[in-house]
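Novice: Right, I'll just put the structure down here and ask away after.
There are 2 protein chains.
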Amino acid sequence: MKIIVLKFGGTSVGNLKKIAKVAKIITSYINKKYKVIVVSSAMSGVTNELLLKTKKISKNFPDEEKDVILSTGEQISCALIAGKLNELGFKSRSWLGWQLPILTKGNYSSSRIVKIKKNKLINYLKSGGIPIVAGFQGVNSDFRITTLERGGSDTSAILCAKFFNAEKCIIYTDVKGIYTTDPNLIKSAKKINKISYEEMLEMASLGAKVMQPVSIQEARLNRIEIDVRSTFSKKIGTTITRKKNIFSKNTIRGISFTKNDSKLTLIGVKDKPGVAASIFKPLYENSINVDMVIQNISAESRETDLTFTVKLEDLIKTRRLLENNKSIKFKKLVVNENVSKVSIVGVGMITTPGITYRMFKALAKEKINIEVISTSEIKISVLINKKNLKKSVEILHQEFKLNNNL
Amino acid sequence: MKIIVLKFGGTSVGNLKKIAKVAKIITSYINKKYKVIVVSSAMSGVTNELLLKTKKISKNFPDEEKDVILSTGEQISCALIAGKLNELGFKSRSWLGWQLPILTKGNYSSSRIVKIKKNKLINYLKSGGIPIVAGFQGVNSDFRITTLERGGSDTSAILCAKFFNAEKCIIYTDVKGIYTTDPNLIKSAKKINKISYEEMLEMASLGAKVMQPVSIQEARLNRIEIDVRSTFSKKIGTTITRKKNIFSKNTIRGISFTKNDSKLTLIGVKDKPGVAASIFKPLYENSINVDMVIQNISAESRETDLTFTVKLEDLIKTRRLLENNKSIKFKKLVVNENVSKVSIVGVGMITTPGITYRMFKALAKEKINIEVISTSEIKISVLINKKNLKKSVEILHQEFKLNNNL
């Protein structure tokens, strides 16, 4: 069987007219003799609306029941798509997480798929049916509904592609593909034709919100090729694939950035073993993600300054935790809310010398001060003043020739 | 175990504030040492909203998928109630149709419950949990979601009471009980303290929309006592029970009426065997419910007039079927859309002579013309001009002393 997985995001099924469009895309693959497995998100806005209800009931609304509620979003969109396909004369039905089943483990509201049982769906495909699988949901060993992390429908789709040995997984969304940077900020941003899993992972986790990082990681591990494209355009999108499939002269694939970072500096911290751990432990325990960290080297003095970034939404909590923690001794806490992180991403970086230098020089030329630096094998991130964000991305976009076709 | 079933209707769980009220009622029974099984409807309006979506997708939206969609209404309300109870410190969870399971047979969208599996829920009750069971839904042998007839949550509750041997089933709704007639039309309408299943069945199917007839029939067959009362009032409501438990001097228990009937008269129908069947067969095949029927006796002539009533919403379809049916010969079709059916209901009727006479006399005195009459053992219905509806109900309410306390 030539199987293909088509995943439709929330905006793609956002209203009944769009669902008709989705049905048309699905049948075009049927006409090409594919066996199609469809995975759908909830109609856009629905999940947030449902979530709001639970929050109004209780600040500690139980995750078990939250999952029962949130899963209805996909339940409805899948049944509507199946209904539309029936209307068009195709055999189709919805398949909910507990029906296949899609087995999950882990906590409610952030479960992970461990297995998708195949036989029912294979029989259904053989009978000529088009299964519409509810994304974002599964069932656990207690026979209760679970949901994955937010945006988990991508993961549902990738794992359907894995378990059913699909040729490909196509993510239909509201953007035309992955761009060299955010086209809303930089007009000259270009659509990338091919990007490696690794680059996409950096782009995704750094703020390019097209796909959920966990899903890309799953695709990478299982070597599933992903196409990201628009539901509302016939143009080809971006293929996310293995490094070896990419032939491009560009060292840098894209530039991502964040707008919601904040920088904290603890001045005059006692410099002794274990002090960093005692600072970060309470943050970890409160699920606060610490991103960039630098500590001044203190060869002589017994004091040091410690700087790190957290998401803006975690700032107040972080501050309170630091100030109330008696085991941390420091002289002063300085906070900067006006920072942005800009990152250049590309697998070619590791084999190309001088990238760091080119980046810093380009920024320096425009007198943009770099506050913090962090690097990985395929990316370099710098923290800058938020007011310089657009300019920084623009000059880096130019410096690494991302305006050219890729 | 002292088990009680509490069922909450759509308006009782209509918003989050009301759900808080519902939670309070539930815990009051827990405090009285009851083991409580809760059955909930969808939040008011939700089912219609979902239904509208399916209708916009397709006029022939498949019932299988419609059930997947409609069942989300109860899925959400149950989880919200369970979440609220958790917030209040009680152990509670939602139980969906497929989880117990509640096994159904029959067509999608009008399935009937054949069994409710007990062990999981019994264990849960023993562990001190408060189960919130989704009404209106079940699962069939194909492991697919089914729904009952509209209003089927009443049936879900009654059958929970049956399978779990509950002491009682309490239907919490937005009215204070069953009234002698519609209090919106007749100010002097009185709440009935006790009514028999049989009377309630007549009242329900004749237009008193408090409970779904199928659910009352199930209660009657299984001798389950039902209390109908308001979620928003502390006053006791109406008990629906066996005839032998009712001690009341009133022969007539209540008066029900319809506003959406229409009368059709076929004039000059050939009077030969099988003609009535040939008229009603196409109506039956098109799911049109024929209510009152009278045929003039034609001793000499070979022609007769045939009169019957159908719901106003079926009138156009009925008319078309009659006029397009070549096998039916008649001279003329006369339609009257301005008719109402008024019925007096009471189990005492069968042993009390003169009820029919009193009814007709009371109407005649006010010069209200009776167009069609039909009777059963416990009710007498008359068809009258709609303009006389209020007056008719008023004088019958007085004639049979329903203004007095019952």
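From first to last, the protein sequence lines stand for chains G and A. Taking the numbering used here as reference, the numbering of the first sequence is continuous, increasing by one, and the terminal residue is 402. Taking the numbering used here as reference, the numbering of the second sequence is continuous, increasing by one, and the terminal residue is 402. Just so it is clear, CB atoms sit at the ideal spot from N, CA and C, and this is done for glycine as well.
1) What whole-angstrom Cβ distance do isoleucine 126 of chain G and isoleucine 112 of chain G have, given they're in contact under 8 Å?
2) How many angstroms separate the CA atom of threonine 371 of chain G from the CA atom of methionine 288 of chain G?
3) With DSSP run on the structure shown, which of helix, strand or coil describes alanine 130 of chain G?
4) Note down, in chain order, all residues in the region 147 to 165 of chain G with a beta-carbon under 8 Å from any beta-carbon belonging to chain A.
5) Is there at least one Cβ from chain G nearer than 8 Å to proline 58 of chain A's Cβ?
6) Would you call the region 88 to 107 of chain G in contact with the region 74 to 82 of chain A, where contact means no fewer than 3 C-beta pairs closer than 8 Å?
7) Quick one: residues in its chain with C-beta nearer than 7 Å to the C-beta of valine 171 of chain A, no 5 flanking neighbours on either side, listed in chain order?
8) Taking the Cβ atom as the reference point for each residue, do isoleucine 141 of chain G and serine 192 of chain G lie within a distance shorter than 8 Å?
9) Among residues of its own chain, excluding the 5 on either side of lysine 51 of chain A, which ones have a beta-carbon nearer than 7 Å to its beta-carbon?
10) Between which residues of its own chain and glutamate 367 of chain A is the CB-CB distance below 7 Å, once the five residues before and five after are set aside?
11) Please report the straight-line C-alpha distance between asparagine 189 of chain A and arginine 315 of chain A, rounded to a whole angstrom.
12) So that I know if they touch, is there some Cβ in chain G lying closer than 8 Å to that of lysine 52 of chain A?
13) Under 8 Å between beta-carbons, which chain A residues line up against lysine 49 of chain G? List them in chain order, please.
14) Enumerate in chain order the residues of its own chain whose CB-to-CB distance from lysine 114 of chain A is below 7 Å, with the five nearest sequence positions on each side excluded.
15) Determine which residues of the region 86 to 100 of chain G have a Cβ less than 9 Å from any Cβ of chain A, and write them out in chain order.
16) To the nearest angstrom, how far is it from the Cα of phenylalanine 253 of chain A to the Cα of isoleucine 236 of chain A?
17) For lysine 28 of chain G and threonine 352 of chain G, I'd like the C-alpha separation in whole angstroms.
18) Would you mind sorting methionine -3 of chain A into buried or exposed? The rule is 16 or more other CB atoms within 10 Å of its CB.
19) Could you check where the alpha helix (DSSP H) with phenylalanine 396 of chain A kicks off and where it finishes?
20) Taking 7 Å as the cut-off, is the beta-carbon of arginine 316 of chain G closer than that to any non-hydrogen atom of the ligand SAM?
21) Can the beta-carbon of lysine 337 of chain G be found closer than 8 Å to that of aspartate 257 of chain G?
22) Can you give me the C-alpha to C-alpha distance between glycine 403 of chain A and glutamate 221 of chain A, rounded to a whole angstrom?
23) Does isoleucine 242 of chain G get closer than 8 Å to chain A when you measure Cβ to Cβ?
24) Just checking, does the region 209 to 218 of chain A make contact with the region 301 to 316 of chain A on the three C-beta pairs under 8 Å criterion?
25) Closer than 8 Å by beta-carbon distance: list the chain A residues that pair up with asparagine 82 of chain G, in chain order.
26) Taking the C-alpha atoms as reference points, what is the distance between asparagine 246 of chain A and isoleucine 232 of chain A?
27) For isoleucine 366 of chain G, report the span of its beta strand (DSSP E) as first-last.
28) Under 8 Å between beta-carbons, which chain G residues line up against threonine 68 of chain A? List them in chain order, please.
29) Using a beta-carbon distance below 8 Å, is glycine 79 of chain G in contact with chain A?
30) So which residues of chain A does phenylalanine 139 of chain G contact, with C-beta pairs closer than 8 Å?
31) Identify the continuous alpha helix (DSSP H) that holds lysine 62 of chain A and give its terminal residues.
32) Nearest chain G C-beta to isoleucine 369 of chain A closer than 8 Å, yes or no?
33) Use the C-beta contact count for leucine 155 of chain G: other C-beta atoms within 10 angstroms, 16 or more gives buried, fewer gives exposed.
34) Using the Cα positions of isoleucine 0 of chain G and lysine 186 of chain G, report the straight-line distance between them to the nearest angstrom.
35) Tell me the DSSP secondary structure of methionine 288 of chain G in three-state form.
36) Can the beta-carbon of proline 349 of chain G be found closer than 8 Å to that of leucine 317 of chain G?
Specialist: In short, the structure shows the following:
1) What you label residue 126 of chain G is simply residue 130 of the first sequence in a count that begins at 1. What you label residue 112 of chain G is simply residue 116 of the first sequence in a count that begins at 1. Not really, about 17 Å apart at Cβ, beyond 8 Å.
2) The sequence position of residue 371 of chain G within the first sequence is 375, counting from 1. The sequence position of residue 288 of chain G within the first sequence is 292, counting from 1. CA-CA distance, threonine 371 of chain G to methionine 288 of chain G, rounds to 10 Å.
3) As a position in the first sequence, residue 130 of chain G is number 134, starting the count at 1. Alanine 130 of chain G falls in the strand class under three-state DSSP.
4) So the list is empty, because no residue satisfies the distance condition.
5) Position 62 of the second sequence, counted from the start, is the residue given in the question as residue 58 of chain A. Interface residue, yes.
6) Contact check between the region 88 to 107 of chain G and the region 74 to 82 of chain A: fewer than three CB pairs, one atom from each, fall below 8 Å, which does not count as touching.
7) Residue numbering aside, residue 171 of chain A sits at position 175 when the second sequence is read from its first letter. These residues qualify, in order along the chain: Val206, Ser226.
8) One-based indexing of the first sequence puts residue 141 of chain G at position 145. One-based indexing of the first sequence puts residue 192 of chain G at position 196. Not closer than 8 Å, so no.
9) As a working mapping, residue 51 of chain A is identified with position 55 in the second sequence. Phe57.
10) Within the second sequence, numbered from 1, the residue matching residue 367 of chain A stands at position 371. Here the set comprises Lys259, Val335, Leu379, Ile380.
11) Taking the second sequence and counting its residues from 1, one reaches residue 189 of chain A at position 193. Taking the second sequence and counting its residues from 1, one reaches residue 315 of chain A at position 319. Cα to Cα, asparagine 189 of chain A sits roughly 43 Å from arginine 315 of chain A.
12) Within the second sequence, the letter at position 56 stands for residue 52 of chain A. It does: the Cβ of lysine 52 of chain A has a partner Cβ on chain G nearer than 8 Å.
13) Here residue 49 of chain G is taken as the residue at index 53 of the first sequence, counted from 1. Going along chain A in sequence order, the residues near lysine 49 of chain G (Cβ under 8 Å) are Leu12, Ile72, Leu76.
14) The count along the second sequence starts at 1 and reaches residue 114 of chain A at position 118. The answer, listed in chain order, is Phe159, Phe160.
15) From the region 86 to 100 of chain G, only Ser88, Arg89, Ser90, Leu92, Trp94, Gln95 have a Cβ closer than 9 Å to chain A.
16) As a working mapping, residue 253 of chain A is identified with position 257 in the second sequence. As a working mapping, residue 236 of chain A is identified with position 240 in the second sequence. When the Cα atoms are used, phenylalanine 253 of chain A and isoleucine 236 of chain A turn out to be separated by approximately 20 Å.
17) For this step, residue 28 of chain G is matched to residue 32 along the first sequence. For this step, residue 352 of chain G is matched to residue 356 along the first sequence. Here the C-alpha atom of lysine 28 of chain G lies approximately 47 Å from the C-alpha atom of threonine 352 of chain G.
18) Locating residue -3 of chain A in the second sequence gives position 1, where the first residue counts as 1. Methionine -3 of chain A is exposed by the Cβ-count criterion.
19) Taking the first residue of the second sequence as 1, we reach residue 396 of chain A at position 400. For phenylalanine 396 of chain A, no alpha helix (DSSP H) run applies, since DSSP gives it neither H nor E.
20) With respect to the ligand SAM, the structure offers nothing, as it holds no ligand at all.
21) Reading the first sequence from its first residue, position 341 is the one you call residue 337 of chain G. Reading the first sequence from its first residue, position 261 is the one you call residue 257 of chain G. Their beta carbons are under 8 Å apart, which means lysine 337 of chain G touches aspartate 257 of chain G by this criterion.
22) Nothing in the structure corresponds to residue 403 of chain A, since chain A is present only between -3 and 402.
23) The residue given as residue 242 of chain G occupies position 246 in the first sequence. Taking a beta-carbon distance threshold of 8 Å, isoleucine 242 of chain G does not count as an interface residue toward chain A.
24) No, the region 209 to 218 of chain A does not touch the region 301 to 316 of chain A.
25) The residue given as residue 82 of chain G occupies position 86 in the first sequence. For asparagine 82 of chain G, the neighbours in chain A by C-beta distance under 8 Å run, in chain order, Ser54, Asn56, Phe57, Pro58, Glu61.
26) Your numbering for residue 246 of chain A matches position 250 in the second sequence. Your numbering for residue 232 of chain A matches position 236 in the second sequence. If I take the Cα positions, the gap works out to 20 Å.
27) Sequence index remark: in the first sequence, residue 366 of chain G carries index 370 (1-based). Membership of isoleucine 366 of chain G in any beta strand (DSSP E) is not indicated, and neither H nor E is assigned to it by DSSP.
28) For this step, residue 68 of chain A is matched to residue 72 along the second sequence. Near threonine 68 of chain A (Cβ distances below 8 Å), the residues of chain G are Thr68, Gln71, Ile72.
29) The count along the first sequence starts at 1 and reaches residue 79 of chain G at position 83. Chain A contact via Cβ: present.
30) Your numbering for residue 139 of chain G matches position 143 in the first sequence. Under the 8 Å cutoff, chain A gives Gln95.
31) The sequence position of residue 62 of chain A within the second sequence is 66, counting from 1. Per DSSP, the unbroken alpha helix (DSSP H) holding lysine 62 of chain A starts and ends at 59 to 83.
32) Walking along the second sequence from the start, residue 369 of chain A turns up at place 373. False, the Cβ-Cβ gap to chain G never drops below 8 Å.
33) By 1-based counting over the first sequence, the position of residue 155 of chain G is 159. Buried: at least 16 other Cβ atoms inside 10 Å.
34) In the first sequence, counting from the first residue as 1, residue 0 of chain G sits at position 4. In the first sequence, counting from the first residue as 1, residue 186 of chain G sits at position 190. Just so you know, the alpha carbons of isoleucine 0 of chain G and lysine 186 of chain G end up roughly 27 Å apart.
35) In the first sequence, residue 288 of chain G corresponds to position 292, counting from 1. For methionine 288 of chain G, the three-state secondary structure derived from DSSP is strand.
36) Residue 349 of chain G sits at position 353 when you count from the first residue of the first sequence. Residue 317 of chain G sits at position 321 when you count from the first residue of the first sequence. No. Outside cutoff.
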